[in-house]
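Here's the structure we're looking at; comments come further down.
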């Protein structure tokens with residue numbers, strides 16, 4: 209899922225004072241920093257500039273047409289978000305030894321973000337996350353909320369897609385026409401589908417042999433759904449291992465593969481060569497397969513494990529060996 213994380217970093221900007229028309233200007237002043245190089249990064253456009261600091265000061269200016277969130281990166285890899293927009297003049301001031309207390313002034317968003325950083329500087333990570341959720345709930349129209357949602361609930365070591373989806377609904381209700389919010393909500397809806405604790409979607413599709421395959425197929429003690437492709441050796445290896453397990457435990461295990469190949473013939477050829485007997489679905493729509501999207505299967509290593517009642521109990525175990533061991537463990541349990 210995390211490969212999707214690159215498209216979820218949304219551009220965010222607002223207005224305040226004015227610089228040269230059409231340009232965004234950032235002026236910085238640091239204590240305890242003489243000369244250094246900083247980076248400022250626009251993740252949406254993939255653009256990075258170098259900022260030279262001399263005698264603790266710098267000036268950065270660029271043309272900005274669309275709203276964006278720029279990320280200021282320090283030599284120790286600490287980061288500070290800067291909300292930029294056309295005509296804005298933002299001033300940054302602080303002590304480089306206390307980056308959490310650096311202040312940005314010149315627009316409501318930058319000042320709100322500064323207030324949030326100062327307020328949470330001494331909090332534990334769970335407390336900061338809770339504070340971020342509260343800010344989003346209380347300020348759903350603020351571009352800061354979009355940044356906080358992404359930073360604390362998506363772009364983290366342990367993403368919380370369920371909470372991110374809940375919060376994105378709040379943003380969408382408050383700003384139904386804001387394109388970044390619409391795109392984020394759409395992406396999170398896909399990730400939210402098939403979350404652990406939810407149920408498998410009801411479906412009725414044709415398998416590669418043109419036989420009807422329904423949700424009832426996945427009603428064994430353990431049920432596994434995997435995304436795979438003929439061109440991916442690792443995913444084919446995973447399917448082969450699962451197929452052998454299903455043959456060994458036909459009364460306890462059901463395996464279904466969703467192929468993202470462009471044609472059924474590609475899937476059929478591999479299925480015949482490797483003597484695959486488990487159910488295979490291929491609609492030719494590749495990554496846009498409705499069935500895969502309904503289960504939140506977003507990359508070639510995506511998989512779901514569900515119980516006999518269709519409750520999703522685990523998902524996205526990347527290594528085929530680990531997936532096989534996990535299923536074997538479950539099969540042994542009474």
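In the numbering used here, the protein residues as written are 209 to 542.
Each residue gets a CB set at the ideal place from its N, CA and C atoms; glycine is no exception.
Just tell me which of 295, 353 and 285 has its CA closest to the CA of residue 307.
-> 285
Count the other CB atoms within 10 Å of the CB of residue 393; is the residue buried (16 or more) or exposed (fewer)?
-> buried
So what's residue 296 in DSSP terms, helix, strand or just coil?
-> coil
Give the DSSP-derived three-state secondary structure of residue 347 in the structure shown.
-> coil
Work out the CA separation of residue 323 and residue 374 for me, nearest whole Å.
-> 24 Å
Enclosing beta strand (DSSP E) for residue 537 [first to last residue] | Element bounds for residue 537: not the beta strand (DSSP E) but the alpha helix (DSSP H), 528 to 540.
When the Cα of residue 463 is compared with those of 418, 454, 469 and 520, which residue comes out closest?
-> 454
For the beta strand (DSSP E) containing residue 394, list its first residue and its last residue.
-> Residue 394 -> not in any beta strand (DSSP E); alpha helix (DSSP H) instead, spanning 387 to 400.
So what does DSSP say about residue 255, is it helix, strand or coil?
-> strand
Just to confirm, are residue 524 and residue 510 a CB contact at a threshold of 8 Å?
-> yes
Under the three-state reduction of DSSP, which class applies to residue 304: helix, strand or coil?
-> helix
Where residue 369 falls, given that 16 or more other Cβ within 10 Å makes a residue buried | buried
Terminal residues of the beta strand (DSSP E) in which residue 250 lies | 244 to 250
Are residue 378 and residue 345 touching if we call contact CB-CB under 8 Å?
-> yes
Tell me whether residue 493 is buried or exposed, calling it buried when 16 or more other Cβ atoms sit within 10 Å of its Cβ.
-> exposed
Can you tell which of 514, 363, 528 and 411 has its C-alpha closest to the C-alpha of residue 452?
-> 528
In chain order, what residues of the same chain lie with their CB nearer than 7 Å to the CB of residue 533, ignoring the 5 residues before and after it?
-> none
With DSSP as the reference, please indicate the residues paired to residue 268 in a beta bridge.
-> 234
With DSSP as the reference, label residue 289 as helix, strand or coil.
-> strand
Scan the region 420 to 504 and note each continuous alpha helix (DSSP H) run of 4 residues or more that stays entirely inside, going in chain order.
-> 441 to 456, 472 to 481 and 498 to 502
May I ask you to verify whether the region 463 to 478 touches the region 499 to 514, counting CB pairs closer than 8 Å and requiring at least 3?
-> yes
Among 423, 477 and 245, which one has its Cα closest to the Cα of residue 264?
-> 245
In terms of residue numbering, what span does the alpha helix (DSSP H) encompassing residue 376 cover?
-> 369 to 382
Which listed residue (351, 430, 341 and 445) has its alpha carbon closest to that of residue 383 = 351
Just the Cα atoms here: how many angstroms apart are residue 358 and residue 366?
-> 12 Å
What is the DSSP secondary structure of residue 263, reduced to helix, strand or coil?
-> coil
From the DSSP output, which residues share a beta bridge with residue 414?
-> 420
Reduced DSSP secondary structure (H/G/I, E/B, other) of residue 240 | coil
Between residue 236 and the rest of its own chain, which residues show a CB-CB distance below 6 Å, the 5 nearest in sequence each way excluded?
-> 266 and 300
Taking 8 Å as the CB-CB cut-off, is residue 394 touching chain B?
-> Here there is only one protein chain, and chain B is not present.
Please state if the CB of residue 272 and the CB of residue 292 are separated by a distance shorter than 8 Å.
-> yes
Find the nearest neighbour of residue 387 within the set 295, 296, 298 and 276, judged by alpha-carbon distance.
-> 276
N- and C-terminal bounds of the alpha helix (DSSP H) containing residue 313 | No alpha helix (DSSP H) contains residue 313, which is instead part of the beta strand (DSSP E) from 311 to 313.
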